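Asks: Protein chains in written order, with UniProt numbering: chain W, 1 to 460; chain H, 1 to 460.
Built from N, CA and C at the ideal position, the CB exists for glycine as well.
Predicted model only: the values in this text are computed from it and were never measured.
To start, I am sharing the structure in question, which I have written as structure tokens.
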């Protein structure tokens, strides 16, 4: 496959070099190798034939127009922090990295709108709008190094979602370069607007398969007031589940409602000596408004919480949340890890964790579960040995069993990480044949040569 | 055009009659005439050749499959309360009314999800979920008689949007019958989910041009606490504008933030003798949390409010809001009316009202403005004489001037009513040539014969 495309790529790279400023088209193998994959595990990837690093929309358009003319696949890349392999490269493709387009173009305080380029680091945007007393809620785990463009491409989530929603809920409009190089503007700057189809939402979460986003207009919200942080430990998993359903069902809208299962708690204890103890089956971490603290405490206690601690001090709150932040680092110490991302109805969160405990027990594997209990979005993390083929196979089997369990419980194969190469085989199980047909029809309409992320979620 | 299609229609109606239960296919001219148009003014319409009233998804599928086979256009219709002519019929088409599919199929209290058929009246759904302590926020002006299906097709808004967002923000998934009769399921029941393209949002607001929605899965929120209601009057329009920008800019998120201009206030005074007086240039109506009352009052006063009254009593609050509810009825008494719907950045609300005052003065016409100041979505209402062709022409010219002013101020041609027949000529001015091309490509992919609402927003 790679060989068959070599001529096209050589001609394409030559055309790109002559059309673009020096330093835009990179073929140094040491550099291209570093653009081979995102942070997913067990996904295929090859170094790309070239890396393109445009500085503006016109250059992105030139890249796509020439790639289209030469029939060369293009893989869009933000920070490479994705977890589904959507940004993984192939040898017959070029990677287009947006990291040079990293300007915050405008912050409109009165209308609460920010206009940004895709390469802006999410944490940088959050800091920039905070100086204006505003808040950009989406906070994926990679917030410190992921980009807005990648967040938009995957419709990224995070811990704030339980109150504020996901990335797509904050995208008012965008500029997108289509597969043939045409520049499309979608959406608007106003809060409301129904002129035409919601193309903005069609591109959000499309994982680079329909076009490349070159500018995003984002809705901001007022900075939230001070939060209260609670930690509750449970000796029975089902008790934690009752607390989650109780809090959500009571109409409390927490700013954060996270869960750690037994395996994760033990790993965190081993790493940071937090003294949770061996009897803890689950930990809940909650941020909420001061007015809701009493109710959250009562609901946790009546569900059977063993210990509950809370604070309205920001520094102490951050310390309580340390257990959540250390979840993945703690599990990483146990071996190689395969991080899953499924979402189920909130009422099924502990059913899913129980199912995963069964899967782990039957396979004789370690699987830690943590995640966003308040919206049913969990991250089961399978520990395995990447050097042992049978361990890799067992990890994949466990991963598949978890995804199947999520679907069985009325959930989805991915809550926020995306499909990419990792779960493209699962997509039709969730969407069904008509859904797949419509997906392919939309893809074929916007990218008839199938050049944008061709090995991604809608690979042929 | 109508004549050329007659044979196709006769054959199609015969095929529909033989495939569907008695009472589903109606050709009685007295009945079909009542399905000619929605509540828009100055839009074309003809009685349809037949009205189809299916009872379930399978029957909707049969309708579309047979219409597709015979090449007959199909116009979907909810309650006919639309204001853009999207549900207006043509003589060569059949109207498919969803009003018999009006069941609330499920209310899941813990996961805060409702599953409904499209014909459910929006107010009925709101009442049904209220008994479970839950809230379905979207509240278009027609809430008492419009349907969820119509709300989804137009992405309807209302007064709650300033805090909660629009209909699309509450649609988790749907069942849609495609132009050829295939049944597509989109989205999911979970709060988060990124498996594949966001087809749900593609169909929301597509005004019956891409498919017919036969089931909707809706997100619900906890019932809100008691609200405080304020009314503030201003002797200068610009003062009201400063109050709006001040309230929004201060980070207050009101449950409602409505404005009435001088013309509307006078009309309301004439109808209901509310004694606003001749000096009032604008009225703001605000609902907010009790904790925000003091700040809203101060911001209104410092912006120059002449009078401010507030109450935490629900009955008194409803009385204060009476002026808003009477806005359109009061303007209707002045003559025939052409209701516009544009949206601008919040900071431009009073610039738009001032521009409209100029348009009215120059044309010697009466134009009342009221609407959702908190999200910049206004409803300028042009008063004219429908029996006088020159008055009709002047009304159309004023309407066009208003829409152009909204675009000039960074806004959109429609905030919540939709494009339909009324504004299809404006769509390309907002979307541009690439935007129109992509819209047509998506339309052609899903409806290659152009049979669904062919005279709607994307008429050929």
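Report the neighbours of residue 88 of chain H on chain W: residues whose CB is nearer than 8 Å to its CB, in chain order.
Replies: By one-based count along the second chain, residue 88 of chain H stands at place 88. Within chain W, no residue comes near residue 88 of chain H; the closest Cβ sits about 17 Å away, beyond 8 Å.
Asks: Is there at least one Cβ from chain H nearer than 7 Å to residue 245 of chain W's Cβ?
Replies: Taking the first chain and counting its residues from 1, one reaches residue 245 of chain W at position 245. It does; some Cβ of chain H falls within 7 Å.
Asks: Would you tell me roughly how many angstroms separate the C-alpha atoms of residue 369 of chain W and residue 328 of chain W, rounded to the nearest one?
Replies: Here residue 369 of chain W corresponds to residue number 369 of the first chain, with the count starting at 1. Here residue 328 of chain W corresponds to residue number 328 of the first chain, with the count starting at 1. Distance between the alpha carbons of residue 369 of chain W and residue 328 of chain W: 10 Å.
Asks: Run through chain W and tell me which residues come within less than 8 Å of residue 439 of chain H, C-beta to C-beta.
Replies: For this step, residue 439 of chain H is matched to residue 439 along the second chain. 196, 197, 199, listed in chain order.
Asks: Whose CA, out of W:81, W:210, W:117, W:374, lies closest to the CA of residue 216 of chain W?
Replies: Position 216 of the first chain, counting from 1, holds the residue named residue 216 of chain W. The candidate whose alpha carbon is nearest that of residue 216 of chain W is W:117.
Asks: If you scan the stretch 146-225 of chain W from start to end, which runs of the beta strand (DSSP E) of 3 or more residues do you find wholly inside it?
Replies: Those beta strand (DSSP E) runs which fall completely within the stretch 146-225 of chain W and span 3+ residues are 171-177, 183-187, 212-219.
Asks: Looking at the C-beta of residue 190 of chain W, does it have a partner C-beta in chain H at a distance below 7 Å?
Replies: Position 190 of the first chain holds residue 190 of chain W. So yes, residue 190 of chain W belongs to the interface.
Asks: Beta carbons nearer than 7 Å to chain W: which residues of the stretch 40-73 of chain H have them?
Replies: For the stretch 40-73 of chain H, which is checked against every Cβ of chain W, not one residue is closer than 7 Å.
Asks: Assign residue 157 of chain H to buried or exposed, taking buried as 16 or more other Cβ atoms, counted over all protein chains shown, within 10 Å of its Cβ.
Replies: In the second chain, the residue the question calls residue 157 of chain H occupies position 157. It is buried - the Cβ of residue 157 of chain H has at least 16 other Cβ atoms within 10 Å.
Asks: Assign residue 276 of chain W to buried or exposed, taking buried as 16 or more other Cβ atoms, counted over all protein chains shown, within 10 Å of its Cβ.
Replies: Counting from 1 along the first chain, the entry for residue 276 of chain W is found at position 276. Flag for residue 276 of chain W reads buried.
Asks: Since residue 276 of chain W is in the beta strand (DSSP E), which residue starts that stretch and which ends it?
Replies: Here residue 276 of chain W refers to the residue found at position 276 when the first chain is read from its first residue. Note, residue 276 of chain W: premise wrong, no beta strand (DSSP E); not H, not E.
Asks: Under a three-way DSSP split, which group does residue 433 of chain H fall into?
Replies: Residue 433 of chain H sits at position 433 when you count from the first residue of the second chain. Helix.
Asks: Starting from the C-beta of residue 397 of chain W, find all residues in its chain whose C-beta is less than 6 Å away, skip the five residues before and the five after it, and write them out in chain order.
Replies: Residue numbering aside, residue 397 of chain W sits at position 397 when the first chain is read from its first letter. Closer than 6 Å at the Cβ level, and outside the excluded window around residue 397 of chain W, lies no residue.
Asks: Taking residue 457 of chain H as the query, report the chain W residues whose CB atoms sit under 8 Å from its CB, ordered along the chain.
Replies: Locating residue 457 of chain H in the second chain gives position 457, counting from the first residue. In chain order: 196.
Asks: Give the secondary structure of residue 356 of chain H by DSSP, where H, G and I count as helix, E and B as strand, and everything else as coil.
Replies: Here residue 356 of chain H corresponds to residue number 356 of the second chain, with the count starting at 1. It is helical.
Asks: Tell me where the beta strand (DSSP E) around residue 380 of chain H begins and ends.
Replies: Here residue 380 of chain H corresponds to residue number 380 of the second chain, with the count starting at 1. Counting along the chain, the beta strand (DSSP E) containing residue 380 of chain H begins and ends at 377-384.
Asks: Is any beta-carbon of chain H found at less than 7 Å from that of residue 445 of chain W?
Replies: Taking the first residue of the first chain as position 1, residue 445 of chain W is located at position 445. Chain H contact via Cβ: present.
Asks: Residues of chain H with a CB under 8 Å from the CB of residue 161 of chain W: which are they?
Replies: Within the first chain, residue 161 of chain W is the residue found at index 161, counting from 1. Within chain H, the residues near residue 161 of chain W are 191, 192.
Asks: Using DSSP with H/G/I as helix, E/B as strand and the rest coil, what is residue 447 of chain W?
Replies: The sequence position of residue 447 of chain W within the first chain is 447, counting from 1. Coil, per DSSP.
Asks: Identify the contact partners of residue 223 of chain H in chain W, using a Cβ-Cβ distance below 9 Å as the criterion.
Replies: Numbered from 1 along the second chain, position 223 holds the residue referred to as residue 223 of chain H. Here the neighbours are 251.
Asks: Indicate whether the contact test is met: 3 or more Cβ pairs, each with one atom in the stretch 229-237 of chain W and one in the stretch 276-291 of chain W, closer than 8 Å.
Replies: A contact exists between the stretch 229-237 of chain W and the stretch 276-291 of chain W.
Asks: If residue 411 of chain H sits next to residue 343 of chain H, beta carbons under 8 Å apart, how far is it from one beta carbon to the other, in whole angstroms?
Replies: On the second chain, position 411 is the one that residue 411 of chain H refers to. On the second chain, position 343 is the one that residue 343 of chain H refers to. Confirmed, about 5 Å.
Asks: DSSP state of residue 7 of chain H, grouped into three classes?
Replies: The residue given as residue 7 of chain H occupies position 7 in the second chain. DSSP places residue 7 of chain H in helix when its eight states are reduced to three.
Asks: For residue 209 of chain W versus residue 57 of chain W, is the C-beta spacing smaller than 7 Å?
Replies: Here residue 209 of chain W refers to the residue found at position 209 of the first chain. Here residue 57 of chain W refers to the residue found at position 57 of the first chain. No; because the gap between Cβ atoms is not below 7 Å, this pair is not in contact.
Asks: For a contact meaning CB atoms closer than 8 Å, what does residue 416 of chain H contact in chain C?
Replies: Given the protein chain composition of this structure (W and H), no chain C is represented.
Asks: Taking buried to mean at least 16 other C-beta atoms within 10 Å of its own C-beta, is residue 23 of chain W buried or exposed?
Replies: Position 23 of the first chain, counting from 1, holds the residue named residue 23 of chain W. It counts as exposed.
Asks: Would you mind listing the beta strand (DSSP E) stretches within the stretch 308-341 of chain W that are 3+ residues and don't spill past its ends, in chain order?
Replies: Correct list: 336-339.
Asks: Taking all protein chains shown into account, decide if residue 76 of chain H is buried (16 or more other Cβ within 10 angstroms of its Cβ) or exposed.
Replies: For the purposes of this step, residue 76 of chain H is taken as residue 76 along the second chain, with counting starting at 1. By the neighbour-count rule (16 or more Cβ atoms within 10 Å), residue 76 of chain H is buried.
Asks: For residue 181 of chain H, which residues of its own chain have a beta-carbon under 6 Å away from its beta-carbon, when the five flanking residues on both sides are left out?
Replies: The residue labelled residue 181 of chain H in the question sits at position 181 within the second chain. Result list for residue 181 of chain H: 61, 64, 65, in chain order.
Asks: Tell me whether the beta-carbon of residue 133 of chain H lies closer than 7 Å to the beta-carbon of residue 223 of chain H.
Replies: Indexing the second chain from 1 puts residue 133 of chain H at position 133. Indexing the second chain from 1 puts residue 223 of chain H at position 223. Yes.
Asks: Determine the chain W residues that contact residue 182 of chain H at a beta-carbon separation under 7 Å, and present them in chain order.
Replies: Stepping through the second chain from its first residue, residue 182 of chain H is reached at position 182. Ordered by position in chain W, the residues that pass the 7 Å Cβ test against residue 182 of chain H are 434.
Asks: So, helix, strand or coil for residue 417 of chain W, using DSSP?
Replies: Translated into positions along the first chain, residue 417 of chain W becomes position 417. Residue state, collapsed to three classes: coil.
Asks: Output, in chain order, the set of chain H residues within a Cβ distance shorter than 8 Å of residue 375 of chain W.
Replies: Here the question's residue 375 of chain W lines up with position 375 in the first chain. Residues of chain H passing the Cβ test: 190, 191, 192.
Asks: Rounded C-beta distance between residue 98 of chain H and residue 147 of chain H? I'm assuming under 8 Å.
Replies: Position 98 of the second chain holds residue 98 of chain H. Position 147 of the second chain holds residue 147 of chain H. The pair is a contact, with the Cβ atoms about 7 Å apart (cut-off 8 Å).
Asks: Three-state secondary structure (DSSP) at residue 298 of chain H?
Replies: Here residue 298 of chain H refers to the residue found at position 298 of the second chain. Residue state, collapsed to three classes: helix.
Asks: Whose C-alpha, out of W:299, W:452, W:232, is nearest the C-alpha of residue 176 of chain W?
Replies: Stepping through the first chain from its first residue, residue 176 of chain W is reached at position 176. When each option's Cα is compared against that of residue 176 of chain W, the closest is W:452.
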